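Contents: one structure, followed by commentary.
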Amino acid sequence: MSLDLTASAGYSSNGKSPIKTHTVYLALGSNVGDRRANLAAALQRLREVVEISRVSSVYETEPVGYAEQPRFFNMVCAGRTALSAEQLLAYAKTIETALGRRPTVRNGPRPIDIDILLYDDLQMHEEHLTIPHPRMTERAFVLVPLAEIAPELIDPSSGRSISELRDALPQDGVKKLADNLRVPLEHDIQNSRPAVHVRLGRVGVAGLQKAILLGSDERAQWFQVVFDLYADLDPVRAGVHMSRFSEALEEVLDEISLMVWPRVEVLAEQLARRIIERQQVLRAEVHLRTIYPLQKWTPISGRPTQEVYGLLAQAVATRKGARRLVGVEVEGMVACPCAQDMVHSLARVRLREEGLPDEAIEKMLEVTPLATHNQRGRALLMVGTQELIDAHELISIAENAMSSENYALLKRPDELYVVNKAHTHPRFVEDVVREMLRAVIERYEHLPPDTFVWASQRNEETIHKYDVVAEGWGTLAELRAEIREQASLEHHTTREEWLKSIE
Ligand SMILES: Nc1ncnc2c1ncn2[C@@H]1O[C@H](COP(=O)(O)OP(=O)(O)OP(=O)(O)O)[C@@H](O)[C@H]1O
Ligand SMILES: Nc1nc2c(c(=O)[nH]1)N=C(CO)CN2
């Protein structure tokens, strides 16, 4: 769906600007508490400031220096940071403190130790910071893991490669423990058989939120998008891996943002396709919703007002392909024609009883807005197509189908305008849906006959304790046949049928 952000409030650019970064090598060690968890926690906190690209295996090592202490877990990592060496050291110290490190004897036991080994080709010798790390070349617990990820790297102090330096040291106190920090898991419960052998139609995560830049390269804006992601589940699998839904989302967001600013329905479709791959299922379904703010003006006083609409997309993918719908959610005002007609009869009777002549009564009834009960209505209008649909057009179709648009801001003359407009355009909930369908076939003359349309309206009744609802749907071919040629079709293609007919 195209979004014209010139009319939209809250414009911002993506603000990407190149930042100078530096290559760093860091050594991590722990010999107190849960050593694996300490290394993992330190690494995770380092990721806040270092874009970590390589991580060595984990080694269990004999203590060096002060022998009367538990064995260490050691590892090294490499990455890029925008911090200066001093800032990085300060940050590393905050991590050490946060993970429970307290002052102890030199080379003594500690939950975590983070040393800066190398920082670009920098060589510095200050009391508080020496780079390359002054004891690096004599420590097998540093050089063995470092040589694993960067054997050819040259130590700028000695001019020798890391693998050469490692080979010059005895390494018997350094044993590789594991390739990474993962704890080996014994079972994959999700892939086991369930107690009851039956297929489930939709299993997944709902209400997953992300901030996403939508629009075009020239004009993009952050939207808070809420996703519901589902897969079907075959009868022999106990469960889906829920984390793979968010993984699929992260991957797709990454890929799309590198190419173009995505349209929401393209995002929904790509995501549904990715879920098929990641979950290894036959069918995936994606729903997403975001609010869409537009800059409008009040009808008479001309005040600027930000009006908020909903932007929706839905996609279904199977192994054969995918289908998608895009749509809007619009609030407005709906005045009831039935109650207004009754008020009309009552007014005529009362005016006659007051002795007014018939001709005057008819004129009065013609020009005076007559009372009726009115409600806040919510229209949903969705179109199933691969073509680009303009969000503004769908919004104005839905808004015009109601008795009047409503506003977040109304001064008194505007209020009168809205009330008068609504009372001169009374509509049943059914009328609103039919109006939307009529306007869609007129506006989208050029779209192919198998394009799908779904319209619904829900009015919060003021005189009842319930809401009234109407829904209509069908392909453009079906809707055109009825609206234009007055055909009466017994069945319209449902959303499920349309989504199912993926080639
Ligand atoms: N490259 C470096 N990386 C980390 N700390 C350094 C470095 N160069 C100097 N230091 C200084 O060394 C001080 C002591 O460091 P740390 O507490 O890690 O000592 P240690 O672990 O007992 O011994 P070692 O420094 O031999 O590993 C730090 O406060 C820091 O100011
Ligand atoms: N095996 C091993 N020994 C050490 C370590 C370490 O990380 N591993 N760190 C020390 C002080 O930084 C002192 N001794």
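Positions in the sequence shown are counted from 1; adding 228 to them yields the working numbering.
Even for Gly, the Cβ is constructed at its ideal location relative to N, Cα and C.
On a predicted model such as this, the values are computed, not experimentally measured, just so you know.
Neighbour-count burial assignment, residue i, 16 or more Cβ in a 10 Å radius
| i | result |
| --- | --- |
| D460 | buried |
| T679 | buried |
| M303 | buried |
| S258 | buried |
| R334 | exposed |
| C566 | exposed |
| V372 | buried |
| P360 | buried |
| T332 | exposed |
| N419 | exposed |
| H425 | exposed |
| E706 | buried |
| N687 | buried |
| H719 | exposed |
| K244 | Any reading at K244 is ruled out, since the residue's pLDDT is 47, under 50, leaving its predicted position unreliable. |
Whether residue i touches residue j by CB criterion (7 Å)
| i | j | result |
| --- | --- | --- |
| L495 | F473 | no |
| L397 | I390 | no |
| I504 | A545 | yes |
| T568 | P654 | Going by the sequence as given, residue 568 is Gln instead of Thr. Yes, the Cβ-Cβ distance between Q568 and P654 is below 7 Å. |
| V681 | V668 | yes |
| A439 | W450 | yes |
| G328 | P339 | yes |
| I280 | G261 | no |
| S684 | L637 | no |
| M200 | V562 | Nothing can be reported for residue 200, as the shown portion of the chain is limited to 229 through 731. |
| R506 | A476 | yes |
| M229 | E493 | yes |
| T309 | V286 | no |
| L675 | L717 | no |
| D695 | P527 | no |
| V509 | P521 | no |
| A448 | E497 | no |
| V468 | V411 | no |
| A255 | L346 | no |
Closest residue to residue i among the options (Cα-Cα distance)
| i | options | result |
| --- | --- | --- |
| R606 | E689, P532, I377 | E689 |
| T322 | D416, I342, T332, S312 | I342 |
| Y253 | N266, L274, A268, I247 | L274 |
| D348 | D383, V660, S471 | D383 |
| V402 | L409, D416, Q523, V370 | V370 |
| V454 | S386, T332, L516 | L516 |
| V188 | V554, L540, D462 | In this structure the chain extends from 229 to 731, so residue 188 is not present and cannot be described. |
| Y672 | I625, Q508, I528 | I625 |
| V558 | L622, R531, Q614 | L622 |
| M592 | E670, L579, R604, T533 | L579 |
| I730 | Y645, D586, K548, L409 | K548 |
| V660 | E276, E633, H250, V646 | E633 |
| H356 | R282, E314, V292, P521 | E314 |
| P422 | Q437, L441, P463, S444 | P463 |
| I617 | E582, Y294, P641, R552 | R552 |
| W701 | A500, R666, R330 | R666 |
| R388 | G432, Q399, M364, L267 | M364 |
| H620 | T721, Q523, R427, S385 | Q523 |
| A375 | C305, H353, E615 | C305 |
| L499 | Q542, P585, R576 | Q542 |
| T722 | I711, E699, A715 | E699 |
| D482 | R708, L441, S385, G293 | L441 |
| V480 | R502, V577, E288, L345 | R502 |
Local conformation of residue i per DSSP, three classes
| i | result |
| --- | --- |
| D462 | coil |
| R367 | coil |
| L598 | coil |
| D482 | helix |
| C566 | helix |
| R501 | helix |
| P521 | strand |
| Q714 | coil |
| H250 | strand |
| M592 | helix |
| F473 | helix |
| A545 | strand |
| R723 | helix |
| I280 | strand |
| I440 | strand |
| M170 | Because residue 170 is not part of the residues shown, which for the chain are 229 to 731, the question remains open. |
Any chain E beta carbon closer than 7 Å to residue i
| i | result |
| --- | --- |
| V556 | The displayed structure is made up of one protein chain only, and chain E is not part of it. |
For review: beta carbons within less than 6 Å of any heavy atom in ligand 1: That gives L317, R334, N335, D341, D343, I344, H356, L357, T358, I359, H361, R363.
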